[in-house]
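S.K.: Below is a structure I'd like to ask you about.
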Amino acid sequence: MTSTGAPLAIERFSAGYGNGELVVRNATFTLRAGAMTALVGPNGAGKSTLLKGALGLLPQVDTSGVRYFGQPLDDVRARVAYLPQRADIDWTFPASALDVAAMGLYRKIGFFHRVSGRWKAEARRALALVDMETFADMPIGELSGGQQQRVLLARSLAQGADLLMLDEPFVNVDFATAERLGAILRLACARGMTVFAVHHDLGDVRRFFDEAVLFDGTVVAHGPIEVALADAKLHEAFRLGPPPQEQLA
Amino acid sequence: MMAPDAPFEIPFWGANTIMVAIGCAIFGALAGSVGTFVLARRQSLLADVAGHAALPGVALAFLVGEWFGLSGRSPWLLLLGGGISALLAAWSTPWLASKRRLGADGANAVALAGFFGLGSVLFSVVQSHPSGAQGGLRRLLFGNAAAMTSSDAIALGVIAIVALTTLMLAFKELSLLAFDEAAASVLGLRTRVLEWVLLLLLVATVVAGMQVAGVALVVSMLIAPAAAARVLGGSFARTATTAACIGIACALVGAIASRAVTHVPTGSAMTLAATAAFFLSIPAARVLRNSRARVLTERAS
Amino acid sequence: MSSALALQSTLAVDAPALIALLCALVACGTLGNFLVLRKEAMTGDAVAHAVLPGLVAGFLITGTRSITAMFVGAACAGIASILLANWARRTTRLEPGATLGIVFTGLFAVGVLLLETQGARQVDLDPECVLFGSLETLFYSPTLNGEWYTGVPRALWTLAAAACIALIAIVLFMKELSLLAFDPSSARHLGVAPRWLERLFLALVSASIVASFEAVGSVLVIGIVACPALIAAPHARSVTHQITLSMILGSIIAVLGYALASHAPTLFGTATALNSAGMIALVLAIAVPMSHVAKRFIHRPM
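Sequence lines, in order, name chains A, B and C. According to this note's numbering, the residues represented by the first sequence are 8 to 256, in order. According to this note's numbering, the residues represented by the second sequence are 196 to 496, in order. According to this note's numbering, the residues represented by the third sequence are 257 to 558, in order.
In structure tokens, the structure reads:
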């Protein structure tokens, strides 16, 4: 049931790619404010589709059942930040880390205004939050994968949003970078932000996240990690048949 | 045979007309089947580049022919020239595309501008040439089946038949390459050889189609029938066959239309037929899908 | 005396052509930077082909070479082609190059058909002019009693206007167009690049191409939309830097191409006129890989 004010409340949400096949079927869940929640499930289950669909990025998807802080996305866009998959970005683009971080401020800057000194300072502050201030003038193509991911995070933080929606932020980053990213996100949650991330690796969900939504096209479970990712639930989501104890009984 | 200003003329079904029709049909089949591979390898715009890139070769061949006193009327010289420059373009563009900050789209644009620019320059040299044979060049721009002679048709037919035979012989291997290059090389197929075969098939189609469709529009005969077949669905072999059939139909429609109605360039007629086939395939596919679903549900119940 | 005549003839013959060329470069090439950044360099080619039926239809309907009629017709055709191609791509899920290619060659074929069948060959709206441009025939022909601006070829005014509009649009929407090129989904999410902006951008590209068509022909249009940006791209440190560099380098190379076309024949001792548009396109195209090679030799401090 929808609770007004929850950062993200999805009710009976379905999405597909327009050829009639539904990838997401009747998803329903509500995020807990201030929590770091992972969206996990089998490969190809539609996790990214759920995220993109809920953000209104898929043209034919009906988003009437999706509410951010109790309202449709269009009314609260400034409060929701989106971090796309690193692979979706063209890293050969001529831009520096500072340029990318400043992109999160474009909405505040508005049409017809330049990115002046004041905004550049704010972008620098966002870079500092992710320890990338020294790389501010570096072209993004020369950054490592982990550094690129941090720059994208800086862009989202610059926006000053209350809800962060990330698509596979930890994929293809080394251990140290993953720890750093996790620490930054934890800090953000401690300051009142809500984090919702599609996570690719079931093994290390506990390392970073408090709660999880187990998803295989529908929502199998949602709640604290121990509850949502209990063996029985995992077997159900990954269609592994009943767990061995039950078979022996 | 025909009144000069009559919009329509009854096609005179002489031997020449029939040979041209057969030549066009074979070209249609070749274009459709090669086009299936072009589409599968996501190289549609490369085909556009290859088509346009034939122009400098043709113009150069003409000039060389004039220099050496060869007859500008023989189709083989011009076709050879066109084939060489189209091959050069089709080979160099993917190499260019691998450069950073250039990409496939950039490489296509550069190759198109460069080759066609060179073609324009050479064409202007040809046009100021005292010889009166540059009319033959002009029809290679937009295609003119009505002006084809029997020897033209034979040239077309020979090239197309050789290409089609090669395609049919190597079909299995080429399909695997188109689908999954990595798997093909792991399986021990000589991928480089196969890539060259596909490249040569593309060039052969351009060369064969130059006279009937013109360099600017031959790309449509390559991708539109193949795209229509793809939309209609089916296995790869099935789509290749469907594409060939659609190609034959469009080529014949184009050839007949240009012979029957004055001033209609063959290339335009063929392209319009092929484009129409593509747009018609979309609702046709839906109808097919619905009737198939209906049959399935009827069988289940 | 002869030098004054030579200067006069240069002003009459070369200056209009060069000004037209540079205006076309600015009009198409500045916007072309964003096309290249979006990895859509072939859109220029597509629009250049697709506008032909609109141009011809405008001419046929009004019976004159009225620039507004042709413009409106061409702009409609240009925008319609992109919308049609997008629809086809979404419905069939084929690769974008395929649907684009089918649509624009189809429209081009309609244009060629209209040209050839409707006796437009009597007027100088002939297919070759459309392809190869008319830079050689842009003359400044002042009338004896009129002001200086009456002698300026009409195409020049359109091109100058198109160049100004392109520059203004880029200055106004630099951030939004950059973000749209860099990360379209974020742009849409942030609400920073609404649909109308993308449509406006494509409309401006079409308009610039149509304006350049008459002077420059479709061969060179493809060249000036994408090549300047591609020449600048390896060296660009920011979007503004790329646009500026593309214009500077593009202009120098284009003028060089024009000079080559005009004077190379005399060097070889023949009197044939070489097609200027084609030569410029060729030179611009060659400059792209040269620019990439040059990049290797320009060391940047780590």
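Just so you know, even glycine gets a beta-carbon here, dropped at the ideal spot from N, CA and C.
Of the choices A:Ala-85, A:Ala-219, A:Ala-45, whose alpha-carbon is the least far from that of Gly-167 (chain A)?
M.R.: For the purposes of this step, residue 167 (chain A) is taken as the residue at position 160 of the first sequence. Closest option to Gly-167 (chain A), Cα to Cα, is A:Ala-85.
S.K.: Look at Ala-220 (chain B) and Ala-446 (chain B) and say whether their C-beta atoms are less than 8 angstroms apart.
M.R.: Here residue 220 (chain B) refers to the residue found at position 25 of the second sequence. Here residue 446 (chain B) refers to the residue found at position 251 of the second sequence. Against a cut-off of 8 angstroms, the Cβ pair of Ala-446 (chain B) and Ala-220 (chain B) comes out as a contact.
S.K.: Could you check how far apart the C-beta atoms of Thr-492 (chain B) and Gly-362 (chain C) are, in whole angstroms? I think they sit under 8 angstroms.
M.R.: Numbered from its first residue, the second sequence carries residue 492 (chain B) at position 297. Numbered from its first residue, the third sequence carries residue 362 (chain C) at position 106. Rounded, the Cβ-Cβ distance is 37 angstroms, inconsistent with contact.
S.K.: By how many angstroms is the C-alpha of Val-107 (chain A) removed from the C-alpha of Gly-72 (chain A)?
M.R.: Residue 72 (chain A) sits at position 65 when you count from the first residue of the first sequence. Residue 107 (chain A) sits at position 100 when you count from the first residue of the first sequence. Looking at the two C-alpha atoms, the distance is approximately 32 angstroms.
S.K.: One question on the structure: do Gly-352 (chain B) and Ala-226 (chain B) come within less than 8 angstroms of each other, judged by their Cβ atoms?
M.R.: Taking the second sequence and counting its residues from 1, the one referred to as residue 352 (chain B) is at position 157. Taking the second sequence and counting its residues from 1, the one referred to as residue 226 (chain B) is at position 31. Against a cut-off of 8 angstroms, the Cβ pair of Ala-226 (chain B) and Gly-352 (chain B) comes out as no contact.
S.K.: Quick one, which residues of the stretch 454-486 of chain B are near chain C if we go by CB-CB under 9 angstroms, in chain order?
M.R.: Going along the stretch 454-486 of chain B in chain order, one finds Val-456, Thr-457, His-458, Val-459, Pro-460, Gly-462, Ser-463, Ala-464, Met-465, Thr-466, Leu-467, Ala-469, Thr-470, Ala-471, Phe-473, Phe-474, Ser-476, Ile-477, Ala-480 with a Cβ nearer than 9 angstroms to chain C.
S.K.: Could you compute how far the alpha carbon of Met-503 (chain C) sits from the alpha carbon of Gly-338 (chain B)?
M.R.: The residue labelled residue 503 (chain C) in the question sits at position 247 within the third sequence. The residue labelled residue 338 (chain B) in the question sits at position 143 within the second sequence. If you take the alpha carbons of Met-503 (chain C) and Gly-338 (chain B), they lie about 37 angstroms apart.
S.K.: By a C-beta neighbour count over all protein chains shown, 10 Å radius and 16 as the cutoff for buried, is Cys-196 (chain A) buried or exposed?
M.R.: Locating residue 196 (chain A) in the first sequence gives position 189, where the first residue counts as 1. So Cys-196 (chain A) ends up on the buried side.
S.K.: Taking the beta strand (DSSP E) that Pro-545 (chain C) belongs to, which residues open and close that run?
M.R.: Along the third sequence, one-based indexing puts residue 545 (chain C) at 289. Careful: Pro-545 (chain C) lies outside any beta strand (DSSP E), inside the alpha helix (DSSP H) at 532-553.
S.K.: Quick one: complete alpha helix (DSSP H) runs, 4+ long, within the stretch 200-265 of chain B?
M.R.: Here the runs fully enclosed are 210-235, 239-262.
S.K.: Alpha carbon to alpha carbon, what distance is there between Phe-257 (chain B) and Met-298 (chain C)?
M.R.: Here residue 298 (chain C) corresponds to residue number 42 of the third sequence, with the count starting at 1. Here residue 257 (chain B) corresponds to residue number 62 of the second sequence, with the count starting at 1. Spanning the two alpha carbons is a distance of roughly 30 angstroms.
S.K.: Using the C-alpha atoms, what's the distance from Leu-339 (chain C) back to Phe-429 (chain C)?
M.R.: What you label residue 429 (chain C) is simply residue 173 of the third sequence in a count that begins at 1. What you label residue 339 (chain C) is simply residue 83 of the third sequence in a count that begins at 1. Looking at the two C-alpha atoms, the distance is approximately 22 angstroms.
S.K.: Closer than 8 angstroms, CB to CB, is His-497 (chain C) near chain A or not?
M.R.: What you label residue 497 (chain C) is simply residue 241 of the third sequence in a count that begins at 1. Yes, contact with chain A.
S.K.: What's the gap between the Cα of Gly-2 (chain A) and the Cα of Arg-131 (chain A)?
M.R.: Nothing can be reported for residue 2 (chain A): it is not among the residues displayed for chain A, which extend from 8 to 256.
S.K.: Under 7 angstroms Cβ-Cβ, which residues of chain C neighbour Ser-370 (chain B)?
M.R.: Within the second sequence, numbered from 1, the residue matching residue 370 (chain B) stands at position 175. The premise fails here: Ser-370 (chain B) is roughly 17 angstroms from chain C at the closest Cβ pair, so nothing lies under 7 angstroms.
S.K.: Which runs of the alpha helix (DSSP H) fall wholly inside the stretch 103-132 of chain A and span at least 4 residues, in chain order?
M.R.: You should have 104-110, 113-116.
S.K.: If we count the other Cβ atoms within 10 Å of its Cβ and call it buried at 16 or more, is Ile-358 (chain C) buried or exposed?
M.R.: In the third sequence, residue 358 (chain C) corresponds to position 102, counting from 1. By the neighbour-count rule (16 or more Cβ atoms within 10 Å), Ile-358 (chain C) is buried.
S.K.: Going by DSSP in three states, Pro-460 (chain B) sits in which element: helix, strand or coil?
M.R.: Position 265 of the second sequence holds residue 460 (chain B). It is coil, neither helix nor strand.
S.K.: By the 10 Å Cβ neighbour count, where 16 or more other Cβ atoms means buried, how is Thr-400 (chain B) classified, buried or exposed?
M.R.: Position 205 of the second sequence, counted from the start, is the residue given in the question as residue 400 (chain B). Flag for Thr-400 (chain B) reads buried.
S.K.: Considering only the beta carbon of each residue, do Ala-341 (chain B) and Ser-453 (chain B) sit closer than 8 angstroms?
M.R.: On the second sequence, position 146 is the one that residue 341 (chain B) refers to. On the second sequence, position 258 is the one that residue 453 (chain B) refers to. For Ala-341 (chain B) and Ser-453 (chain B), yes; Cβs fall inside 8 angstroms.
S.K.: Going by the DSSP bridge assignment, what does Glu-218 (chain A) pair with across the sheet?
M.R.: As a working mapping, residue 218 (chain A) is identified with position 211 in the first sequence. In DSSP, Glu-218 (chain A) forms a bridge with A:Thr-44, A:Pro-231.
S.K.: Under 7 angstroms, CB to CB, which of the residues in the stretch 63-76 of chain A have a partner in chain C?
M.R.: Residues Leu-64.
S.K.: Going by beta-carbon coordinates alone, are Ala-358 (chain B) and Leu-396 (chain B) separated by less than 8 angstroms?
M.R.: In the second sequence, residue 358 (chain B) corresponds to position 163, counting from 1. In the second sequence, residue 396 (chain B) corresponds to position 201, counting from 1. It is a contact, given that the beta carbons lie within the stated cut-off.
S.K.: Can you pull the chain C neighbours of Val-202 (chain A), defined as C-beta to C-beta under 8 angstroms?
M.R.: The residue labelled residue 202 (chain A) in the question sits at position 195 within the first sequence. Simply none; closest approach about 16 angstroms.
S.K.: Rounding to the nearest angstrom, what Cα-Cα distance links Ser-476 (chain B) and Leu-393 (chain B) in this structure?
M.R.: By one-based count along the second sequence, residue 476 (chain B) stands at place 281. By one-based count along the second sequence, residue 393 (chain B) stands at place 198. Using only the alpha carbons, I get a separation of about 26 angstroms.
S.K.: Taking buried to mean at least 16 other C-beta atoms within 10 Å of its own C-beta, is Asn-485 (chain B) buried or exposed?
M.R.: The residue given as residue 485 (chain B) occupies position 290 in the second sequence. Under this definition Asn-485 (chain B) is an exposed residue.
S.K.: Could you list which residues in chain B have their beta carbon closer than 7 angstroms to that of Pro-409 (chain C), in chain order?
M.R.: Here residue 409 (chain C) refers to the residue found at position 153 when the third sequence is read from its first residue. Neighbours of Pro-409 (chain C) on chain B: none; closest Cβ ~21 angstroms, over 7 angstroms.
S.K.: How many Å lie between Arg-237 (chain B) and Arg-455 (chain C) at the Cα?
M.R.: For the purposes of this step, residue 237 (chain B) is taken as residue 42 along the second sequence, with counting starting at 1. For the purposes of this step, residue 455 (chain C) is taken as residue 199 along the third sequence, with counting starting at 1. About 26 angstroms.
S.K.: Taking Cβ-Cβ distances shorter than 8 angstroms, what residues in chain A pair up with Arg-493 (chain C)?
M.R.: Numbered from its first residue, the third sequence carries residue 493 (chain C) at position 237. Chain A residues near Arg-493 (chain C): Pro-101, Ser-103, Pro-146.
S.K.: Among A:Phe-119, A:Leu-112, A:Gln-67, which has the Cα closest to the Cα of Leu-160 (chain A)?
M.R.: In the first sequence, residue 160 (chain A) corresponds to position 153, counting from 1. Here the closest residue by C-alpha is A:Leu-112.
S.K.: Check for me: the alpha helix (DSSP H) holding Thr-184 (chain A) runs from which residue to which?
M.R.: Taking the first sequence and counting its residues from 1, the one referred to as residue 184 (chain A) is at position 177. First-last of the alpha helix (DSSP H) with Thr-184 (chain A): 182-197.
S.K.: So Met-110 (chain A) contacts chain C; which residues on that side make the cut at Cβ distance below 9 angstroms?
M.R.: Taking the first sequence and counting its residues from 1, one reaches residue 110 (chain A) at position 103. Within chain C, the residues near Met-110 (chain A) are Lys-431, Ser-434, Leu-435, Phe-438, Asp-439, Ser-442, Ala-443, Leu-446, Val-448.
S.K.: Would you please verify whether the beta carbon of Pro-557 (chain C) is less than 8 angstroms from any beta carbon of chain B?
M.R.: The count along the third sequence starts at 1 and reaches residue 557 (chain C) at position 301. Any answer about Pro-557 (chain C) is weak, because its pLDDT of 47 lies below 50 and its placement is not dependable; what the coordinates show is given next. Taking Cβ atoms only, chain B never reaches closer than 8 angstroms to Pro-557 (chain C), which makes this a no.
S.K.: Please look up how many angstroms separate the CB atoms of Ala-45 (chain A) and His-206 (chain A), rounded, as I've assumed it's under 8 angstroms.
M.R.: Mapped onto the first sequence, residue 45 (chain A) falls at position 38. Mapped onto the first sequence, residue 206 (chain A) falls at position 199. With 8 angstroms as the limit, Ala-45 (chain A) and His-206 (chain A) qualify as a contact, their Cβ atoms being about 4 angstroms apart.
S.K.: Go through the stretch 440-503 of chain C residue by residue and report every complete run of the beta strand (DSSP E) that reaches 3 residues or more, in order.
M.R.: If we require 3 residues or more, the stretch 440-503 of chain C turns out to have no beta strand (DSSP E) run fully inside it.
S.K.: Around the Cβ of Gln-378 (chain C), are there at least 16 other Cβ atoms within 10 angstroms (buried) or fewer (exposed)?
M.R.: Locating residue 378 (chain C) in the third sequence gives position 122, where the first residue counts as 1. Any reading at Gln-378 (chain C) needs caution, since the residue's pLDDT is 49, under 50, leaving its predicted position unreliable; the model's value is listed next. By the neighbour-count rule (16 or more Cβ atoms within 10 Å), Gln-378 (chain C) is not buried but exposed.
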